[in-house]
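Per the working numbering, the sequence shown starts with residue -3, numbered consecutively. Where is the CB? At the ideal position from N, CA and C, for every residue including glycine. To start, the structure under review is shown below, and the notes come after it.
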Amino acid sequence: MENQKQYPMTQEGFEKLERELEELKTVKRPEVVEKIKVARSFGDLSENSEYDAAKDEQGFIEQDIQRIEHMLR
């Protein structure tokens, strides 16, 4: 049996997290995917700061998505 932490919150707080999650999935995630695609087109990834920054941003977005999904369970 999995031990899940409970996050007490108001209905307003729950709805705010749902909206944030929706924005991350439908706006932020596709934006960063496009940034990665553009940065990859610049060529050599070993010295491509745009690519590195976009991959870092992608990691933060995915982390936020997982955190919010966990809180909403």
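Query                                                                                                            : Result
Residue range of the unbroken alpha helix (DSSP H) whose run includes Lys12                                      : Gln7 to Glu19
Outcome for Tyr3 when other beta-carbon atoms lying within 10 angstroms are tallied against a minimum of 16      : exposed
Length of the line joining the Cα atoms of Met63 and Ser45                                                       : First, the residue type needs correcting, since residue 63 is Arg and not Met in the sequence shown. Between Arg63 and Ser45, the C-alpha separation is close to 27 angstroms.
Stretch-stretch touch, CB-based, cutoff 8 angstroms, three pairs: the stretch 25 to 37 with the stretch 53 to 67 : yes
Span of the alpha helix (DSSP H), counted from its first residue to its last, around Tyr47                       : Ser45 to Leu68
Cβ pair Asp52, Leu20 closer than 9 angstroms                                                                     : no
Cutoff 8 angstroms; reference Gly9; Cβ partners in own chain excluding five residues on either side              : none
Nearest-angstrom beta carbon gap, Leu68 and Glu14 [assumed within contact, 8 angstroms]                          : 7 angstroms
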